[in-house]
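Just so we're aligned, residue 511 is where the sequence shown starts under my numbering, counting upward by one.
Glycine residues also receive a C-beta, built at the ideal position from the N, C-alpha and C atoms.
Every value quoted in this text rests on a predicted model; they were computed, and no experiment measured them.
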Amino acid sequence: MTLYESFFKPFPAFKTGRLWLRAAKRNDLNALFDYCSREEVARYLPWSAHENIETTRGYLNYLLRGYERGECMTWVIERNLDRRVIGTASFTTMEKDYKIASLGYVISSDVWGEGYAAEAAGVLIRYGFSVIGLVRIEASCMCENLSSARVMEKLGMSFEGTLRNGAYFKGAPHDVFLYALTKERYFGISSNHLGGVVIR
């Protein structure tokens with residue numbers, strides 16, 4: 511098995527009070543393009559806003575191939591209220607030997623400020639610590655992206671410092687804030703708001 515294949519094949523789904531986190535499907539194409547094409551969504555991310563739906567189709571095909579191999583760690587975030595896909599949450603990297611993972615999330619700009627990013631990412635944190643057995647989960651954001659930093663703080667993550675030129679994308683270096691949450695801290699804080707039901 512590759513990576514943590516047993517934890518991602520079959521790909522798990524999660525349900526919270528407002529969200530359904532699941533594998534992407536082919537009929538998600540238009541919904542993915544809707545938010546991936548927004549300049550404000552991509553502003554602080556390493557990829558540029560999708561100029562056409564074929565770019566999104568390539569991304570979707572990449573996810574689908576990853577699910578088949580048990581290597582994809584990206585969940586589509588679907589809102590229970592209207593079944594609308596509003597973003598993704600991911601383990602962007604996972605160091606098997608060291609039990610450390612990095613966390614990421616993307617939310618459509620028209621639903622920013624409603625707590626969806628923290629709700630979705632919190633489920634992945636619980637899965638990472640309680641099921642996969644991770645000991646540390648990290649997340650980072652560009653220093654200008656204060657909204658994302660607030661999400662990390664809401665998740666109980668601790669600010670560990672500023673990484674000068676910590677990321678390079680779109681042709682330039684960027685300073686980034688680094689946040690992290692350890693397994694010990696996670697189980698030592700009140701984390702009911704990070705919950706979710708695992709559906710296998």
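### Query
Which runs of the beta strand (DSSP E), 3 residues or longer, sit entirely within the segment 570-632?
Correct list: 584-589, 595-605 and 610-617.
### Task
Measure the Cβ-Cβ separation of F518 and G597 and say whether it is below 7 angstroms.
Going by C-beta atoms, F518 is not nearer than 7 angstroms to G597.
### Message
Please state the DSSP three-state secondary structure of N562.
### Response
Reduced to three states, the DSSP call for N562 is coil.
### Query
Cβ of L531 within 7 angstroms of Cβ of I617?
Between L531 and I617, the gap from beta carbon to beta carbon reaches 7 angstroms or more.
#### Entry: CA nearest to the CA of R594, picked from S640, V686, F543 and G671
Among S640, V686, F543 and G671, the Cα nearest to that of R594 belongs to F543.
### Residues near E550 by beta carbon distance below 7 angstroms, same chain, minus five either side
The residues are S619.
### L656, DSSP secondary structure in three states
L656 carries a helical assignment under DSSP once its states are collapsed to helix, strand and coil.
### Task
Could you tell me if the beta carbon of T598 falls within a distance shorter than 6 angstroms of some heavy atom in the ligand PLP?
The ligand content of the structure shown is nil, which means the ligand PLP is not present either.
### Query
Helix, strand or coil for K525 per DSSP?
Assigned with DSSP and collapsed to three states, K525 falls in strand.
### Message
Counting C-beta neighbours from all protein chains within 10 Å, is the total for Y608 16 or more, i.e. buried, or is it exposed?
### Response
Classification of Y608: exposed, given that the 10 Å Cβ count is below 16.
#### Entry: Rounded Cβ spacing between R528 and E629 (contact assumed at less than 8 angstroms)
Taking a contact as a CB-CB distance under 8 angstroms, the pair R528 and E629 counts as one, their CB atoms being some 6 angstroms apart.
### Task
Could you pull out every residue in the same chain whose Cβ sits closer than 8 angstroms to the Cβ of T512, ignoring the five residues on either side in sequence?
Residue placement at T512 cannot be trusted, given a pLDDT of 48 that sits under 50; what the coordinates show is reported in the next sentence. Non-local C-beta neighbours of T512 in its own chain, meaning closer than 8 angstroms and more than five positions away in sequence, comprise R579, G580 and E581, ordered along the chain.
### Message
So, at 7 angstroms on beta carbons, what are the nonlocal neighbours of N590 in its own chain, with the 5 sequence-adjacent residues on each side left out?
### Response
In the same chain as N590, and ignoring 5 residues on each side of it, the C-beta atoms closer than 7 angstroms to its own belong to R528, L529 and W530, in chain order.
### Same chain, Cβ closer than 7 angstroms to N655, neighbours up to 5 away in sequence not counted
Hits under 7 angstroms: Y554.
### Task
Starting from R532, follow its DSSP beta bridges and name the residues at the other end.
Beta-bridge pairing links R532 to V586.
### Query
Any idea what DSSP makes of S650, helix, strand or coil?
Three-state DSSP puts S650 in a strand.
### Message
Output needed for E495: all residues of its chain with C-beta closer than 8 angstroms, excluding positions within five of it in sequence on either side, in chain order.
### Response
As shown, the chain starts at 511 and ends at 710. That puts residue 495 outside it, with no answer to give.
### Message
Which of the three DSSP states is assigned to Y554 in this structure?
### Response
In this structure, Y554 counts as coil in the three-state DSSP scheme.
### Query
Are the CB atoms of L665 and G632 nearer to each other than 7 angstroms?
It is a contact, given that the beta carbons lie within the stated cut-off.
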